[in-house]
Amino acid sequence: MVQQEVRKGPWTEQEDFKLVSFVGLFGDRRWDFIAKVSGLNRTGKSCRLRWVNYLHPGLKRGKMTPQEERLVLELHSKWGNRWSRIARKLPGRTDNEIKNYWRTLMRKKAQDKKRGEAASSTPTKPSSSVHSSISVSSKKHEVDPHGSKKAGEESFYDTGGASTQDEGEGEGEGEFSMDDIWKDIDMSEENNNSFVYGESEEGCNLSCPSASSSWEYCYENLRVMMDEESLFCPMSEPYFYALNG
DNA sequence: AACCGCCCCAACCGCTGTGGT
DNA sequence: AACCACAGCGGTTGGGGCGGT
1 MVQQEVRKGP WTEQEDFKLV SFVGLFGDRR WDFIAKVSGL NRTGKSCRLR
51 WVNYLHPGLK RGKMTPQEER LVLELHSKWG NRWSRIARKL PGRTDNEIKN
101 YWRTLMRKKA QDKKRGEAAS STPTKPSSSV HSSISVSSKK HEVDPHGSKK
151 AGEESFYDTG GASTQDEGEG EGEGEFSMDD IWKDIDMSEE NNNSFVYGES
201 EEGCNLSCPS ASSSWEYCYE NLRVMMDEES LFCPMSEPYF YALNG
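1 is the number of the first residue of the first sequence in UniProt numbering; add one for each residue after it.
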């Protein structure tokens, strides 16, 4: 009825603060609910996305390590475009991030290929050499705040490399030829599973860093904001009881 | 200095899966 | 068993920044 128009587009700092605070209160689950009670005129979906892809304290940001790049390639060959699944194996990385990374990588490859064909007489880049490390030294953002990614290795799984085992889900993870990496990841998962703000699901491997300063800063500000503006004080709302009682 | 093109990332959209009633 | 609401996923797009001309 009074329903204001749903906000879209980039999030403001204030919105972020609000969202973070409400997730802190109610956990990272009930997005529709959070969207409503927070007063953000956003959809639950939008809130979730913002949290998962940007605000979650466990996010790494920055360049993918060569290890991560390799892992992405491997996992994609195994599972195809199951980004969220792949993301679960990369602590601190989001499906969106991986998806974007992959997309960029594929585009570069496509371009390289084209160029190679253009210079057909002498194909300079034999893209057939699987796992030859192409260093797509993409000029861009070499030092950008969020960091850029550079390509890992070669291997052509366009976008559904999954064909091999895909649905098998197989979880044949054991026989994966990347034991070291797996161990690494398993360990990091075990170590990071204790995230305070939400009962992250099995998959949510956004590890909680030793309190990222930006996170603390953000949360502190929130408290202040809520004090000063006494934002609808969710504590006093029936919602609070509904959830906690 | 201005313009153009490319690249990256954040965010949206539509569909599917899942749990509750 | 059917329906509904919500969460999650994958695909796609638009904006902004950077480098090159």
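All residues carry an ideal CB built from backbone N, CA and C; glycine is no exception.
Practice problem: For Asp48, I'd like the list of residues in its chain whose CB is within less than 6 Å of its CB, leaving aside the five on either flank, ordered along the chain. | Solution: Contrary to the premise, residue 48 reads as Arg rather than Asp in this sequence. Trp31.
Exercise. Please report how far the alpha carbon of Glu5 lies from the alpha carbon of Thr94, in whole angstroms.
Key: Between Glu5 and Thr94, the C-alpha separation is close to 29 Å.
Quiz item: Run through DSSP, which three-state label would Val6 get?
Solution: coil
Quiz item: From Asn41 to Arg7, what does the alpha carbon distance come to, in whole angstroms?
Solution: 5 Å
Quiz prompt | Inter-residue spacing [alpha-carbon to alpha-carbon] between Pro91 and Lys113 | solution = 32 Å
Exercise. Please list the segments of the alpha helix (DSSP H) lying wholly inside the UniProt domain "Myb-like" (3 to 55), counting only runs of 4 or more residues, in order along the chain.
Key: Secondary structure in the UniProt domain "Myb-like" (3 to 55): the alpha helix (DSSP H) runs of 4 residues or longer, each lying completely within the stretch, are 13 to 26, 31 to 38, 44 to 50 in chain order.
Quiz item: By Cβ distance below 7 Å, which residues in the same chain neighbour Asn53 in space, the five residues on each side in sequence not counted?
Solution: Thr94, Asn96
Practice problem: Note down, in chain order, each residue of its chain lying with its Cβ closer than 7 Å to the Cβ of Leu75, except the 5 sequence neighbours on either side. | Solution: Here the set comprises Ile86, Lys89.
Quiz item: Would you report the Cα separation of Trp83 and Val72, rounded to the nearest angstrom?
Solution: 9 Å
Exercise. Measure the Cβ-Cβ separation of Leu59 and Val20 and say whether it is below 7 Å.
Key: One thing to note: Leu59 has its Cβ no nearer than 7 Å to the Cβ of Val20.
Quiz prompt | Length of the line joining the Cα atoms of Leu46 and Lys108 | solution = Here residue 46 turns out to be Ser, not Leu, going by the sequence shown. Distance between the alpha carbons of Ser46 and Lys108: 30 Å.
Quiz item: Distance, Cα to Cα, Trp79 vs Glu68?
Solution: 16 Å
Quiz prompt | Arg93, enclosing alpha helix (DSSP H) - first and last residue | solution = Neither: Arg93 is in no alpha helix (DSSP H) and is coded neither H nor E.
Quiz prompt | C-alpha distance - Asp16 paired with Phe33, whole-angstrom precision | solution = 16 Å
Quiz prompt | Nearest candidate by alpha-carbon position, reference Trp51, set Gly27, Lys63, Met64 | solution = Gly27
Exercise. Taking all protein chains shown into account, decide if Ala35 is buried (16 or more other Cβ within 10 angstroms of its Cβ) or exposed.
Key: buried
Self-check item: Contact belief for residue 247 with Lys63 at Cβ below 8 Å, rounded distance in angstroms
Solution: It is not possible to answer for residue 247, since the shown part of the chain is limited to 1 through 245.
Quiz prompt | Which listed residue (Tyr101, Asn81, Thr43) has its alpha carbon closest to that of Asn9 | solution = It should be pointed out that residue 9 corresponds to Gly in this sequence rather than to Asn. Here the closest residue by C-alpha is Thr43.
Quiz prompt | Proximal residues to Phe22 (C-beta, below 6 Å), its chain only, five neighbours per side dropped | solution = Ile34, Ser38
Practice problem: Classify Leu59 as helix, strand or coil using the three-state DSSP reduction. | Solution: coil
Practice problem: In angstroms with no decimal places, state the Cα-to-Cα distance between residue 247 and Trp102. | Solution: The displayed coordinates of the chain run from 1 to 245. Any statement about residue 247 would go beyond what the structure contains.
Quiz item: Would you call Asn100 buried or exposed, if buried means 16 or more other Cβ atoms sit within 10 Å of its Cβ?
Solution: exposed
Exercise. Return the chain-ordered list of same chain residues with a C-beta closer than 8 Å to the C-beta of Ala110, the five sequence neighbours on each side being excluded.
Key: none
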